[in-house]
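Reviewing the structure listed below.
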Amino acid sequence: MQADIVLSEKEEGLVQLLAEFPDIVKQAGDEYNVSLIGNYVYDLAKEFNQFYHDFPMLREKDEALRAFRLLLSKNVAITIKKGMVLFGIEVPERM
Numbered sequence: 001m002q003a004d005i006v007l008s009e010k011e012e013g014l015v016q017l018l019a020e021f022p023d024i025v026k027q028a029g030d031e032y033n034v035s036l037i038g039n040y041v042y043d044l045a046k047e048f049n050q051f052y053h054d055f056p057m058l059r060e061k062d063e064a065l066r067a068f069r070l071l072l073s074k075n076v077a078i079t080i081k082k083g084m085v086l087f088g089i090e091v092p093e094r095m
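For the sequence shown, the UniProt record's numbering gives the first residue as 1, with consecutive numbering after it.
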């Protein structure tokens, strides 16, 4: 069974931002400009922080939407970690 989920603008924006990561990495390599990755990771963290503040995940009553938001959060964490690894920075699993 598949549920139809209506995403907010903030959720759609985060999905779009996640999709841009490979292009940002390629552009940074092509231009020898690692600051593009740093700026991207910063922007992603900032957008996720606002999303996390505005959309409580664990209190969401819609199970499909809660599962989507948790998966979105996991993908944001993975992407931030990948960006930091490119700088040689180890990221803890939990804080």
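The C-beta atom is built at its ideal place from N, Cα and C for all residues, glycine as well.
Selected residue, minimal CA-CA separation from residue i, among the options
i: L7; options: K82, A67, E31; result: A67
i: N75; options: R59, V15, P92, L65; result: V15
i: K10; options: I78, N49, T79, V34; result: N49
Alpha-carbon to alpha-carbon, residue j and residue i
i: G29; j: L86; result: 11 Å
i: E63; j: S73; result: 15 Å
i: Y32; j: E12; result: 30 Å
i: R94; j: Q27; result: 30 Å
i: K81; j: L18; result: 12 Å
i: P92; j: T79; result: 14 Å
i: F55; j: A77; result: 17 Å
i: L58; j: F21; result: 27 Å
C-beta atoms of residue i and residue j nearer than 7 Å
i: G83; j: I37; result: yes
i: I24; j: Y40; result: yes
Own chain partners of residue i with C-beta closer than 6 Å, once the 5 adjacent residues on each side are dropped
i: L65; result: I5
i: K46; result: none
Nonlocal neighbours in the same chain, by C-beta distance under 8 Å from residue i, ignoring five residues either side
i: E60; result: R66, R69
i: Y52; result: S73
i: E90; result: M84
Sequence-distant residues of the same chain with beta carbon closer than 7 Å to residue i, five excluded per side
i: M1; result: Because M1 carries a pLDDT of 43, less than 50, the predicted location of this residue cannot be relied on, and no value is offered for it.
Mind listing, in chain order, the continuous beta strand (DSSP E) runs of no fewer than 3 residues lying wholly within the UniProt domain "DALR anticodon binding" (1-95)?
-> Fully enclosed beta strand (DSSP E) runs of 3 or longer: not present.
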